[in-house]
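Numbers in the working numbering are just positions in the sequence shown, counted from 1, shifted up by 256. All C-beta atoms, glycine included, are put in the ideal place defined by N, C-alpha and C.
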Amino acid sequence: MSHVITEKCLGEQYAACVDVCPVECIHPVDYQGKQFMAIDPDVCIDCGVCLPECPIGAIVGSVDEDPAYAKINKELTPQAKDNEAKNGKVPPRPPNDPPRRPENKLVK
Ligand code: SF4
Ligand code: SF4
257 MSHVITEKCL GEQYAACVDV CPVECIHPVD YQGKQFMAID PDVCIDCGVC
307 LPECPIGAIV GSVDEDPAYA KINKELTPQA KDNEAKNGKV PPRPPNDPPR
357 RPENKLVK
């Protein structure tokens, strides 16, 4: 089991969740042409720290709460980890900042 990032995150990549994850299992990825974050279900320890950090409530605490997006997080994880290895982590930004494509503006 793991936490899951849901559809609400699409295009709203504030990255506040990334900063607090103690095991660094949240990774940036494009999905359906929009910015998204995927939680690696094999690494997530279900600590719950990320959940209250998301300003739009895009994270759920179990696979059962959104099985479809649980599958999507799992499937996107390899690609997301590759992106991060190439481009570095996405820095946090406040909600409603102009959209920022991860491939353009990542800082290490
Ligand atoms: S804080 Fe919420 S909206 Fe931002 S990247 Fe994480 S899950 Fe997505
Ligand atoms: S529940 Fe904990 S380990 Fe899992 S993604 Fe959130 S902060 Fe990371």
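Rounded to the nearest angstrom, what separates residue i and residue j at their Cα positions?
{"i": "Gly317", "j": "Phe292", "result": "17 Å"}
{"i": "Ala271", "j": "Asn339", "result": "15 Å"}
{"i": "His283", "j": "Cys273", "result": "10 Å"}
{"i": "Asp320", "j": "Glu263", "result": "15 Å"}
{"i": "Ala336", "j": "Gly344", "result": "11 Å"}
{"i": "Ala324", "j": "Ile261", "result": "11 Å"}
{"i": "Gly289", "j": "Ile312", "result": "20 Å"}
{"i": "Asp275", "j": "Val346", "result": "9 Å"}
{"i": "Met257", "j": "Ala326", "result": "9 Å"}
Assuming residue i and residue j form a contact by the criterion Cβ under 8 Å, report the distance between their Cβ atoms to the nearest whole angstrom.
{"i": "Cys303", "j": "Pro278", "result": "6 Å"}
{"i": "Cys306", "j": "His259", "result": "6 Å"}
Should residue i be labelled buried (16 or more other beta-carbon atoms within 10 Å of its own) or exposed?
{"i": "Asp296", "result": "buried"}
{"i": "Gln269", "result": "buried"}
{"i": "Ala314", "result": "buried"}
Please list, in chain order, all residues of the same chain as residue i whose beta carbon is under 8 Å from its beta carbon, the five residues on each side excluded.
{"i": "Ile328", "result": "Tyr287 and Ala294"}
Write down every uninterrupted run of the alpha helix (DSSP H) in the region 283 to 358 whose length is 4 residues or greater and which is fully enclosed by it, in chain order.
-> 323 to 343
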